[in-house]
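Take a look at the structure below.
Residue numbers (the working numbering): 117 to 709.
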């Protein structure tokens with residue numbers, strides 16, 4: 117009996133040790149610099165062009181490599197200022213070289229776009245790849261901030277960053293951090309929601325595989341350091357993937373998928389692959405918490421999944437993972453990723469979220485099909501690309517992902533949404549919406565702006581983007597050809613039909629986004645009062661001239677709606693301001709005739 121027990125113990129120990137060794141030997145892939153990718157040609161008759169449907173052409177890139185990673189945020193919407201922008205590598209028709217970065221803005225919430233300026237046009241070299249961006253809004257100043265991996269000049273190793281203040285002014289500034297040639301092929305940038313601080317994160321491509329945290333307020337003085345909680349040994353000296361950063365009420369949250377050591381991820385001994393987790397800072401990045409990593413196998417409904425979805429699992433010990441992070445109105449973290457059940461090799465997009473009782477989780481979509489992710493224009497680097505956005509109150513969330521259309525051999529872009537009522541009522545994810553529904557287009561390169569436009573009365577808009585070769589009417593076949601970058605307004609409704617106690621009590625003052633927006637010629641403006649107040653609601657043009665007074669009287673507590681007509685006004689941007697007691701709030705709206 118002793119020999120059998122000892123033998124079983126040895127076998128079990130060897131099995132655990134082998135799994136641990138496998139996890140530590142797994143290596144994350146670096147993004148390609150600019151190499152052609154072989155893509156299958158279509159056997160179908162072309163019937164669909166990328167510009168069909170709700171997606172419109174924003175600008176032209178030299179090839180598909182500019183946005184070929186799900187870890188980027190090339191499209192960004194800032195909900196308080198109403199600013200919408202997109203960053204990308206320019207085309208030689210208007211840009212210098214293959215690594216000059218440009219950006220475009222939309223002043224009418226995605227209806228139309230205009231090219232602004234080169235971000236690194238004055239740099240000593242312009243070898244940028246895979247740019248990402250954020251928009252900071254503080255003290256009525258809107259700043260576009262950008263980060264990217266910079267070639268040195270033939271391989272990854274440097275880090276670039278830049279800004280335009282105010283956004284749209286074309287007064288761009290940029291710089292390059294050589295960093296001893298250690299930085300990898302991806303960078304993250306995000307900004308504070310209550311100050312002018314901007315942050316970015318870069319990972320090392322070789323030992324020590326640390327994560328470096330950067331921050332600045334003026335883009336001239338940049339602080340950088342490696343938090344101990346982000347050091348090489350935290351990731352078993354084997355690396356990680358950056359999955360996103362967000363700031364909510366001044367608290368910073370950063371997510372990564374990595375080879376966490378046994379102190380952070382005890383469950384790793386019997387799970388192959390890397391899990392997702394987050395670290396946070398309550399002091400503007402001075403100090404950071406240890407990573408919190410959920411064990412989804414302990415979550416009801418997710419027990420059957422035994423590894424993170426590696427969407428390129430045919431190449432030995434290299435791995436590729438997707439994920440994203442957001443925070444709900446209660447301050448609880450939501451980690452979006454994809455998981456695999458190796459018993460039947462099924463894959464699902466999931467929401468792993470915190471509650472007052474620990475981690476919980478939901479399946480947003482089950483049935484990911486791995487076969488399409490290796491094809492263009494995603495370069496085999498993007499996988500299902502699960503990305504998450506929220507509204508300004510962090511009450512409504514939307515998740516976008518890529519999957520094969522069950523009716524065709526090719527991929528489409530999907531979105532699901534939900535409203536978060538509170539800790540005890542997390543809401544339910546909607547049925548998936550097919551955003552592209554393109555029978556002959558392989559949409560494997562899509563992104564989502566991290567914030568939603570709240571148009572009021574339960575109406576929201578997500579901002580989605582994807583890239584595709586110009587002139588193509590079938591599946592992507594040349595990743596080096598001139599490529600269009602497209603964007604779409606994705607409207608959806610999240611109407612409140614009930615609350616926990618059934619009483620619709622107004623507890624605060626609030627000014628909602630007008631609906632519809634853009635409008636012609638009338639729109640509705642809603643506002644809420646927590647107490648009886650003297651109220652004024654006025655409309656101004658962009659020069660600050662008052663064009664209409666909608667309310668100037670005493671109003672009782674509750675919800676109120678007023679209609680504004682722009683019949684006698686010119687098309688353009690207008691600002692409406694609510695004053696109720698000491699409460700003041702302004703929002704933008706667009707009149708299009």
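C-beta atoms are modelled at their ideal positions from N, C-alpha and C, and glycine is treated no differently.
Predicted model, so just to flag it, every value in this text is computed and none were measured.
Look at residue 239 and residue 172 and say whether their C-beta atoms are less than 8 Å apart. Not a contact, by the Cβ cut-off of 8 Å.
Alpha carbon to alpha carbon, how far is residue 676 from residue 632? Residue 676 and residue 632: Cα-Cα distance of roughly 16 Å.
Assign residue 402 to buried or exposed, taking buried as 16 or more other Cβ atoms, counted over all protein chains shown, within 10 Å of its Cβ. By the beta-carbon neighbour count (other beta carbons within 10 angstroms, threshold 16), residue 402 is exposed.
Assuming contact is defined by CB atoms lying nearer than 8 Å, are residue 64 and residue 513 in contact in what I supplied? Because the chain is modelled from 117 through 709, residue 64 falls outside the range shown and cannot be assessed.
Can you give me the Cβ contacts of residue 684 inside the same chain, cut-off strictly under 8 Å, excluding the 5 residues immediately before and after it? Take residue 684, set aside five residues on each side of it, and no residue of its chain has a beta-carbon closer than 8 Å to its own.
Counting beta carbon pairs with one atom in the segment 553-560 and one in the segment 449-461, are three or more of them shorter than 8 Å? In short, these stretches do not touch, since the Cβ pair count stays below three.
Name, in chain order, the residues that DSSP records as bridge partners for residue 703. Answer by DSSP bridge pairing, in chain order: 692.
Given residue 188, which residues of its chain have a CB within under 8 Å of its CB, disregarding the five upstream and five downstream residues? Hits under 8 Å: 246, 247, 248, 302, 563.
With a threshold of 16 other CB atoms inside 10 Å of the CB of residue 674, please say whether the residue is buried or exposed. Exposed: under 16 other Cβ atoms inside 10 Å.
Every unbroken beta strand (DSSP E) within the segment 203-236, with a cutoff of 3 residues, ordered by chain: Runs of the beta strand (DSSP E) lying entirely within the segment 203-236, each at least 3 residues long, are 217-222, 230-234 in chain order.
May I ask which residues mark the beginning and end of the beta strand (DSSP E) holding residue 516? For residue 516, the enclosing beta strand (DSSP E) starts and ends at 512-520.
Pull up the DSSP beta-bridge partners for residue 569, would you. Bridge partners of residue 569: 577.
Could you pull the start and end residues of the beta strand (DSSP E) that residue 280 belongs to? Under the DSSP assignment, residue 280 falls in the beta strand (DSSP E) whose first and last residues are 272-280.
Could you check which residue in 691, 318, 581, 505 has the C-alpha nearest to that of residue 641? Considering only alpha carbons, the answer is 691.
Tell me whether the segment 572-583 and the segment 591-607 touch, counting them as touching only if at least three CB pairs, one residue from each stretch, are closer than 8 Å. Yes: the two stretches touch, three or more of their Cβ pairs being nearer than 8 Å.
What would DSSP say about residue 351, mapped onto helix, strand or coil? Here residue 351 sits in helix by DSSP.
Is the CB of residue 687 under 8 Å away from at least one CB in chain B? Looking at the structure shown, chain B is missing, and only one protein chain is on hand.
Quick one: what does DSSP say residue 589 is sitting in, helix, strand or coil? Residue 589 falls in the coil class under three-state DSSP.
Rounded to the nearest angstrom, how far is the Cβ of residue 598 from that of residue 176, given a contact under 8 Å? Residue 598 to residue 176, Cβ: 6 Å. Contact.
Taking residue 286 as the reference, give the member of 313, 234, 569, 391 with the closest Cα. Comparing Cα positions, the closest option is 234.
Beta-carbon within less than 6 Å of residue 169's beta-carbon, same chain only, minus the 5 sequence neighbours each way: which residues are those? Low confidence applies to residue 169: its pLDDT is 46, below 50, so where it sits in the model is not reliable enough to give any reading.
Are the beta-carbon atoms of residue 272 and residue 321 separated by less than 8 Å? In this structure, residue 321 lies closer than 8 Å to residue 272 by Cβ.
Should residue 210 be labelled buried (16 or more other beta-carbon atoms within 10 Å of its own) or exposed? Within a 10 Å sphere around the beta-carbon of residue 210 sit fewer than 16 other beta-carbons, which makes this residue exposed.
May I have the straight-line CA-CA distance separating residue 549 from residue 515, to the nearest angstrom? Spanning the two alpha carbons is a distance of roughly 10 Å.
Name the two residues that bound the continuous beta strand (DSSP E) containing residue 305. It spans 299-307 - the beta strand (DSSP E) in which residue 305 sits, taken as one unbroken run.
Can the beta-carbon of residue 437 be found closer than 8 Å to that of residue 369? No; because the gap between Cβ atoms is not below 8 Å, this pair is not in contact.
Work out the CA separation of residue 487 and residue 625 for me, nearest whole Å. One Cα belongs to residue 625, the other to residue 487, and the distance between them is close to 50 Å.
With 16 other Cβ atoms within 10 Å as the buried cut-off, status of residue 698: By the 10 Å Cβ count, residue 698 comes out exposed.
Within a Cβ cutoff of 6 Å, which residues of the same chain sit near residue 206, ignoring the five residues on either side of it in sequence? Correct list, in chain order: 216, 218.
Excluding the 5 residues flanking residue 324 on each side, which residues of the same chain have their C-beta closer than 6 Å to its C-beta? Cβ contact annotation for residue 324 (same chain, cutoff 6 Å, sequence separation greater than five): 348, in chain order.
What's the C-alpha gap between residue 409 and residue 313? If I take the Cα positions, the gap works out to 27 Å.
CB contact flag (residue 282, residue 258, <8 Å): At a Cβ-Cβ threshold of 8 Å, residue 282 and residue 258 count as neighbours.
Look at the Cβ atom of residue 415, then the Cβ atom of residue 390, and state whether they are nearer than 8 Å. Cβ atoms of residue 415 and residue 390: not closer than 8 Å.
Residue 264 in three-state terms, based on DSSP: Strand, per DSSP.
How should residue 668 be labelled, buried or exposed, when 16 other C-beta atoms within 10 angstroms of its C-beta is the threshold for buried? Around the Cβ of residue 668, a 10 Å sphere holds fewer than 16 other Cβ atoms; the residue is exposed.
Compute the Euclidean distance between the alpha carbons of residue 693 and residue 531, then round it to the nearest angstrom. Straight-line measurement puts the Cα of residue 531 at about 33 Å from the Cα of residue 693.
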